[in-house]
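S.K.: Those protein sequences? They're chains A and B, same order as listed.
The first sequence lines up with residues 1217 to 1487 when you count with our numbering.
The second sequence lines up with residues 14 to 325 when you count with our numbering.
All C-beta atoms, glycine included, are put in the ideal place defined by N, C-alpha and C.
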Amino acid sequence: MGRLTEAAAAGGGASAARSAGPPPAPLPLSSTSPGCAAAMASSEEDGTNGGASEASEEREAVGKRRRLGLLATIWLTFYNIAMTAGWLVLAIAMVRFYMEKGTHKGLYKSIQKTLKFFQTFALLEIVHCLIGIVPTSVLVAGVQVSSRIFMVWLVTHSIKPIQNEESVVLFLVAWTVTEITRYSFYTFSLLDHLPYFIKWARYNFFIILYPVGVAGELLTIYAALPYVKKTGMFSIRLPNKYNVSFDYYYFLLITMASYIPCEYVSVSTLM
Amino acid sequence: LHFKELLGKVEILDAKTREKLCFLDKVEPQATIAEIKNLFTKTHPQWYPARQSLRLDPKGKSLKDEDVLQKLPVGTTATLYFRDLGAQISWVTVFLTEYAGPLFIYLLFYFRVPFIYGHKYDFTSSRHTVVHLACICHSFHYIKRLLETLFVHRFSHGTMPLRNIFKNCTYYWGFAAWMAYYINHPLYTPPTYGAQQVKLALAIFVICQLGNFSIHMALRDLRPAGSKTRKIPYPTKNPFTWLFLLVSCPNYTYEVGSWIGFAIMTQCLPVALFSLVGFTQMTIWAKGKHRSYLKEFRDYPPLRMPIIPFLL
């Protein structure tokens, strides 16, 4: 059946382009993830010295050589078709809304259920990596999907005043085009009939979608900051009996700052 | 094939590019890989032995320093493939750095050094006994680790990749600061069940520290100084080592136990999270160690689990 490329079922990235980026099919990539997730500590006493990178290279090679079972192929084909359809529906809904209303205000509200459904469903892609039917590393897929979930549920859904910001439309457009391209790419690949245009789009759209997506997300978080500070939402203050505190405002600031190294890592692993 | 009379030749190729890097003739057949590495360093001084990985197959496993050229499945000219492991740093250096950090950092918070808490708290002292106790326990733990690194542990590898020191120090130092910040905070809330909770937690902590130390000593005695031999560890007269009956890596078991004790003592969520993360990592290591014990020793005790008796 069709070949699966690196990041085949990886969820969307914090920016559109992580998933719109060119899949590095011919080159065995190191499976080091965009290092946003905190890395674990010391190698153990008798651990292999430098063996870790050798092992990951081997895992990569095996993953690529693996023949997908029939059930897995059927499931992945269905999954990718469903996701392509879902994001297409989203795209059409957005276009229709704008054509009817002439404004972007209220657009998020009108498509939010569909967005939440399909973006959350993408959590399955982590499972795909876990069970090995997709050659991406769990960590990579996890980080990518998590950043999308974060944006949808912890920012746009939870901070209502920013839902009508233009920046929301910006990243929604970037995500929609990215995901339609990505999922249709996977679908056609699985069916072994990849049209040249889709392949071209997958390798080239990210050049535009990447900055647009990042801009949209960063501007949205930035717009949310005043509300977060004012309401103290998602935050825990001292004193409390678990002796911990969390300030969502500073968390968002750190997240914004981390976009730069994270995107650098993910683009460099995609290129 | 054994060439006892003839001197061997060794060619070293780059594992990735297959480029010929070095040709050694007149090599003693009884030469070890370590000696060959030393010869290779002479022609390529930037690749000191610790960062060399030599193997028979470009994608194969690294040869050990003790392996003898004669005993390898090679022809007249041995072809070895070289892989650069990257800059290396000694285990001892890494351990000392990563453990000295938390010791020092925690004390900064304990003494409420300026710019951490509000200025009115500078150099003040907590009124809670448990906070002082926690400082003693935390400091003891890391002093113990430092001393063990210097006097107890016998490492089977001399070095590890340089980037590990950054990774490891970030982890240890970061968590130490995070925990210390809350425990020594002016608004710290002592444990819900008061002195009872603290006493129980302290008991757990002390027992596990003693246990962990006992295991380290037992492991040390397994391996003669300067050697890299591997043997199955067994319980000794010391009751703390009897945990070897049930787990392969009781040192990790006791370590998790210590941190659980510390978490209960301080009732501090960051400590619990640190324990959880540590437990996850140690479980991965324990499973790996357990697996290599099983592979290496046919008669490995079947009752043993990697880290948690009967469970994990």
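Which residue wins for smallest C-alpha separation from residue 215/B, given the options 230/B, 189/B, 118/B and 276/B?
M.R.: Nearest option by C-alpha distance: 276/B.
S.K.: Taking all protein chains shown into account, do 16 or more other C-beta atoms lie within 10 angstroms of the C-beta of residue 274/B, making it buried, or fewer, making it exposed?
M.R.: Flag for residue 274/B reads buried.
S.K.: In whole angstroms, give me the CA-to-CA distance for residue 27/B and residue 104/B.
M.R.: So the two alpha carbons sit approximately 27 Å from each other.
S.K.: Compare the C-beta of residue 195/B against all C-beta atoms of chain A and say whether one is closer than 8 Å.
M.R.: Output row for residue 195/B: interface = yes.
S.K.: Determine, using beta carbons only, whether residue 280/B comes closer than 8 Å to chain A.
M.R.: It does; some Cβ of chain A falls within 8 Å.
S.K.: Measure the C-alpha to C-alpha separation of residue 1490/A and residue 1428/A and round it to an integer number of angstroms.
M.R.: Because residue 1490/A is not part of the residues shown, which for chain A are 1217 to 1487, the question remains open.
S.K.: Note down, in chain order, every chain B residue with its Cβ under 7 Å from the Cβ of residue 1454/A.
M.R.: Simply 198 and 200.
S.K.: Which residues does DSSP list as the beta-bridge partners of residue 174/B?
M.R.: According to DSSP, residue 174/B bridges with 101/B.
S.K.: With 16 other CB atoms within 10 Å as the buried threshold, where does residue 1484/A fall?
M.R.: Residue 1484/A should be labelled exposed.
S.K.: Using a Cβ-Cβ distance cut-off of 8 Å, determine whether residue 1460/A contacts chain B.
M.R.: Yes, residue 1460/A lies at the interface with chain B (some Cβ there is under 8 Å from its Cβ).
S.K.: Going by the DSSP bridge assignment, what does residue 1462/A pair with across the sheet?
M.R.: Per DSSP, 1452/A.
S.K.: Which residues in chain A sit within 7 Å of residue 283/B, going by Cβ to Cβ distance?
M.R.: Within 7 Å Cβ-Cβ: 1460.
S.K.: In chain order, what are the residue ranges of uninterrupted beta strand (DSSP E) at least 3 long that sit wholly in the segment 134 to 217 of chain B?
M.R.: If we require 3 residues or more, the beta strand (DSSP E) runs fully inside the segment 134 to 217 of chain B come out as 172 to 174.
S.K.: Counting pairs of Cβ atoms below 8 Å between the segment 188 to 197 of chain B and the segment 122 to 141 of chain B, do you hit three or more?
M.R.: A contact exists between the segment 188 to 197 of chain B and the segment 122 to 141 of chain B.
S.K.: Under 8 Å Cβ-Cβ, which residues of chain C neighbour residue 205/B?
M.R.: Of the protein chains in the structure, A and B, none is chain C.
S.K.: Which residue wins for smallest C-alpha separation from residue 1419/A, given the options 1401/A, 1305/A, 1321/A and 1363/A?
M.R.: Of the candidates 1401/A, 1305/A, 1321/A and 1363/A, the one whose C-alpha sits nearest the C-alpha of residue 1419/A is 1401/A.
S.K.: Quick one: Cα of residue 1263/A to Cα of residue 297/B, how far?
M.R.: Any reading at residue 1263/A needs caution, since the residue's pLDDT is 37, under 50, leaving its predicted position unreliable; the model's value is listed next. Their backbone Cα atoms lie some 11 Å apart in a straight line.
S.K.: Keeping to the same chain, check which residues put their C-beta closer than 7 Å to that of residue 160/B; ignore five residues upstream and five downstream.
M.R.: Excluding residues within five positions, none has a Cβ falling inside 7 Å.
S.K.: Quick one: Cα of residue 1468/A to Cα of residue 1367/A, how far?
M.R.: Distance between the alpha carbons of residue 1468/A and residue 1367/A is about 11 Å.
S.K.: With burial defined as no fewer than 16 other Cβ atoms inside 10 Å of the residue's Cβ, what is the status of residue 126/B: buried or exposed?
M.R.: Exposed: under 16 other Cβ atoms inside 10 Å.
S.K.: Per DSSP, what kind of secondary structure is residue 1294/A in: helix, strand or coil?
M.R.: Here residue 1294/A sits in helix by DSSP.
S.K.: What are the start and end residues of the alpha helix (DSSP H) that includes residue 24/B?
M.R.: Counting along the chain, residue 24/B falls outside any alpha helix (DSSP H), though it belongs to the beta strand (DSSP E) covering 21 to 27.
S.K.: Taking the CB atoms as reference points, tell me whether residue 40/B and residue 69/B lie closer together than 8 Å.
M.R.: The answer is no: Cβ separation not under 8 Å.
S.K.: Is residue 225/B closer than 8 Å to residue 251/B when the C-beta atoms are compared?
M.R.: Cβ atoms of residue 251/B and residue 225/B: not closer than 8 Å.
S.K.: Rounded to whole angstroms, what is the Cα-Cα separation between residue 312/B and residue 245/B?
M.R.: Taking the straight line joining both Cα atoms gives about 9 Å.
S.K.: Candidates 1307/A, 1327/A and 1364/A: which alpha carbon is nearest residue 1342/A's?
M.R.: Nearest C-alpha to residue 1342/A: 1364/A.
S.K.: Is there contact here, the segment 1304 to 1311 of chain A with the segment 1408 to 1416 of chain A, by at least three beta-carbon pairs under 8 Å?
M.R.: No contact exists between the segment 1304 to 1311 of chain A and the segment 1408 to 1416 of chain A.
S.K.: Check each candidate in 1445/A, 1473/A, 1475/A and 1332/A and name the one with the smallest Cα separation from residue 1465/A.
M.R.: It is 1445/A whose Cα lies nearest to the Cα of residue 1465/A.
S.K.: If the criterion is Cβ atoms closer than 8 Å, does the pair residue 178/B and residue 110/B meet it?
M.R.: The answer is yes: Cβ separation under 8 Å.
S.K.: Taking 8 Å as the cut-off, decide whether the C-beta atoms of residue 1439/A and residue 1383/A are in contact.
M.R.: Result yes, Cβ atoms of residue 1439/A and residue 1383/A sit closer than 8 Å.
S.K.: Quick one: residues in its chain with C-beta nearer than 7 Å to the C-beta of residue 325/B, no 5 flanking neighbours on either side, listed in chain order?
M.R.: For residue 325/B, where only same-chain residues beyond five positions count, the Cβ hits under 7 Å are 296, 318 and 319.
S.K.: Using only alpha-carbon positions, find the residue among 1455/A, 1348/A, 1415/A and 1448/A that is nearest to residue 1375/A.
M.R.: Checked all of 1455/A, 1348/A, 1415/A and 1448/A; the closest Cα to residue 1375/A is 1448/A.
S.K.: Among 182/B, 60/B, 266/B and 223/B, whose alpha-carbon lies nearest the alpha-carbon of residue 96/B?
M.R.: The residue with the shortest Cα to Cα distance from residue 96/B is 60/B.
S.K.: Do the CB positions of residue 1332/A and residue 1379/A come within less than 8 Å of each other?
M.R.: No. Outside cutoff.
S.K.: Return the residue from the list 1354/A, 1481/A and 1393/A that minimises the CA-CA distance to residue 1299/A.
M.R.: Ranking 1354/A, 1481/A and 1393/A by Cα distance to residue 1299/A puts 1393/A first.
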